[in-house]
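Chains as they are written, first to last, in this note's numbering: chain A, 125 to 519; chain B, 125 to 519. Glycine residues also receive a C-beta, built at the ideal position from the N, C-alpha and C atoms. Computed from a predicted model, the values in this text were never measured in an experiment.
This is the structure we're talking about:
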């Protein structure tokens, strides 16, 4: 059955790639379009301020609420999303004047970046905008922590991903496998990337990266660079016709967005190989349902169909592991596990309840590397192939 | 003068590349040789134990001391190296029996990896070797912290880099620029790596990576991935014919070893663009003189001719920066700066003493990103080109 599924997926993949492959001219036009759309949103924001001011009314901005109270799990879409609550931010309000000004500063900084066709980090934007206000000792931003939430405010207000505001996040994570793509005009064949791999950029939007040819049947995402190295050294992606990624722990935005695009545009199932501990569960939760703090991104980051391939609480018995390779749960692990059990997307799933209960009952966690105690390549030659063949993973 | 220097370097580079380019057969033979050498060292270690045991003497190992007391700065070689002190580790000594056994376990694990032609992480080796000793509840290793120093002991005892024991470290850092290389049989053109770049592997020994063609005149190593992205987006490496690397903060072993090989085999000068703060100084110190904790690696990791291009304490005035972009030194910064001033490789250098005094006198630090306050591309279009042209860097 797994083979049949594979074949179907492959067909769908090829079709998707044909559709996804744009001409060079189309790419240029698309790039313009994406930036144009963001610019329109940004200038609309500014125009509204001018209009209100001209009408001699008090200028204000309505910013969607990013608080936990305005976040909910959408059962139909199967990801975390923001509600419709907004907060009004007024210029002529002593407690809001500064953040009002900061919001327009960030919007203006983003416009400047788009106009110049350049990108920068959130640290870079902070430095770009930081100055003392003329004639005063007041700083536009006191520190980075003062700037970051404003960036998020602008993201939600103009409904653009941070990447569309030309801001990049930390860059970590690598990729190899049966796909070739074009990155900024350069053709990258991920099947010929040696032991190092292709460093996943922090901005992977379609104007930067176009998928060219994909012979992969699925994506295997592993938690750590060290585990990724084992899979790459054993050329797992060649034997199993897949794409292999890692995100150096909790994957950064670029890696999540890359997985999202591979999944949605190329119809590739995404399997996650993570540790059997609360941190592994949490990484899976973010990949699958989105992050609670950044719920507004879910639509373009979350992968509700992602699957948890392992490690599983039953692996201690199933793989005949020894007590030597287990790590006892501490109080914090137990607390985190119970919190995660109560996440709305886990609490209704019997298999997940059983899984987390299993770990709590075991009283220990299992790292992916624990499988090395069986054999150096047990994970690539036995463990993952068996799970794929059986179709045994959590949803 | 700078131009002249460049030309000379380039000539030397081309020569070095011709020399460095080995045939496929030579590569295979070389690989075997490197592994053979390590294996010989490992088996000699074991043979010595057997010999002593057969002679009915007490088995022991003489392990070079890795303590600070056995580390000194070699003024001629210009890097930190280990002295000749050793510690004897005896099997029939209650307090040493366990670490004696652990040392042989690690040596044996490394032999197993080399025999199988596989590599693993230090975490992987730990799991490979961890088990309870038959008939007891005693574990071979209690935790990772129990295993790591033993790995270092084996490194110094058999005089092999960790990478030669087939162990890899964390993988971070990327590379782009005017060089193409072969990594595990795949040809990587670093001038065609898009926005993502080539992820620098954690093992970059000559049996894995061979340099093919180099048109670069120098290496620019920057501290952070975010700064690297700015340089790559502006294609600095194309305009200035160089190789661009970053190490995600303190560079991991793979990045340091890559810089070392680029410098020594291809005669490329290495310029470091780091923050004007004690952490930036320390990163430079490790790249240049080696790490105090791992002094035995210096010979194959340290780059005594590496140059500190910036940021400099005088940049606040030179670049006409504003108080807004400075970050006040805290007590810990001041303490660390004074420690670093007293490092033997800094204390005799007037320019470095002046540099660090300058920062202390300023009372603030400057991040590379602070230059963005001038212009998004000020660092790539003005700052670094001016320093290279003037030849103004610290040694």
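If one requires a minimum length of 3 residues, the beta strand (DSSP E) runs lying completely within the segment 289 to 376 of chain A are 298 to 301, 303 to 307, 310 to 313, 333 to 338, 342 to 346, 366 to 370, in chain order. By the Cβ rule, the segment 232 to 251 of chain B does not count as touching the segment 186 to 196 of chain B, because fewer than three pairs are nearer than 8 Å. For residue 484 of chain B, the enclosing alpha helix (DSSP H) has its first and last residue at 474 to 486.
When C-beta atoms of the segment 296 to 308 of chain B are compared with those of the segment 441 to 459 of chain B, fewer than three pairs fall below 8 Å, so the two segments do not count as touching. Under DSSP, residue 184 of chain A forms a beta bridge with A/214. In terms of CA proximity to residue 357 of chain A, A/503 leads the group A/503, A/379, A/173. Three or more beta-carbon pairs drawn from the segment 482 to 497 of chain A and the segment 241 to 252 of chain B are found closer than 8 Å, and the two stretches are therefore classed as touching.
C-alpha of residue 375 of chain A to C-alpha of residue 209 of chain B: approximately 44 Å in a straight line.
A Cβ-Cβ separation of about 5 Å places residue 344 of chain A in contact with residue 395 of chain A under the 8 Å criterion.
Taking 8 Å as the Cβ-Cβ cut-off, the segment 312 to 337 of chain A approaches chain B at 312, 316, 317, 318, 319, 320, 321, 322, 323, 324, 325, 326, 327, 332, 333, given in chain order.
From the beta-carbon of residue 247 of chain A, the residues of chain B found nearer than 8 Å are 350, 491, 493. Counted as a single uninterrupted DSSP element, the alpha helix (DSSP H) harbouring residue 240 of chain A occupies residues 221 to 240. Cβ neighbours of residue 158 of chain B within its own chain (closer than 7 Å, five residues either side excluded): 288, 329, 331.
For residue 235 of chain A, there are no neighbours in chain B by C-beta distance under 7 Å, as the nearest C-beta there is about 13 Å away. Against residue 449 of chain B, the close residues of chain A are 251, 254, in the order they occur along the chain (beta-carbon pairs closer than 8 Å).
The Cβ of residue 354 of chain B sits closer than 9 Å to at least one Cβ of chain A. The contact set of residue 497 of chain B on chain A, defined by CB atoms closer than 8 Å, consists of 251, 252, 254, 255 in chain order. Spanning the alpha carbons of residue 318 of chain A and residue 309 of chain B requires a straight line of approximately 7 Å. Residue 168 of chain B and residue 355 of chain A have their C-alpha atoms some 32 Å from each other. For the C-beta of residue 357 of chain B, the chain A residues within less than 8 Å are, from N- to C-terminus, 242, 243. Put simply, the CB of residue 477 of chain A is far from chain B, with every gap to its CB atoms at 9 Å or more.
Contact annotation: in the segment 282 to 301 of chain A, residues whose CB is within less than 7 Å of a CB in chain B are 292, 294, 295, 296, 298. Within the segment 239 to 279 of chain A, the complete alpha helix (DSSP H) runs of at least 4 residues fall at 246 to 253. When secondary structure is reduced to three states using DSSP, residue 203 of chain B falls in the strand class. At least 9 Å separates the CB of residue 162 of chain A from every CB of chain B. Judged by DSSP secondary structure, residue 467 of chain A falls outside any beta strand (DSSP E); it is assigned neither H nor E. Counting of Cβ neighbours within 10 angstroms places residue 346 of chain A among the buried residues, the total reaching 16 or more.
Across the structure, residue 378 of chain B and residue 389 of chain B are spaced so that their CA atoms are roughly 16 Å apart. Following the DSSP letters along the chain, one finds residue 404 of chain A in no beta strand (DSSP E) but inside the alpha helix (DSSP H) bounded by residues 402 to 413.
Contact of residue 500 of chain A with chain B is assigned, a C-beta pair being separated by under 9 Å. The beta carbon of residue 295 of chain B sits closer than 8 Å to those of 323, 324, 325, 326, 376, 378, all from its chain and outside the five residues before and after it, given in chain order.
Bounds of the alpha helix (DSSP H) holding residue 508 of chain B are 508 to 514. In the structure shown, residue 282 of chain A falls within a coil segment according to DSSP collapsed to helix, strand and coil. Note on residue 400 of chain B: 16 or more other CB atoms within 10 angstroms of its CB, so buried under the neighbour-count rule. Proximity of residue 307 of chain B to chain A, defined by a Cβ-Cβ separation below 9 Å, is satisfied. Boundaries of the beta strand (DSSP E) harbouring residue 431 of chain B: 431 to 434, taken from the DSSP string.
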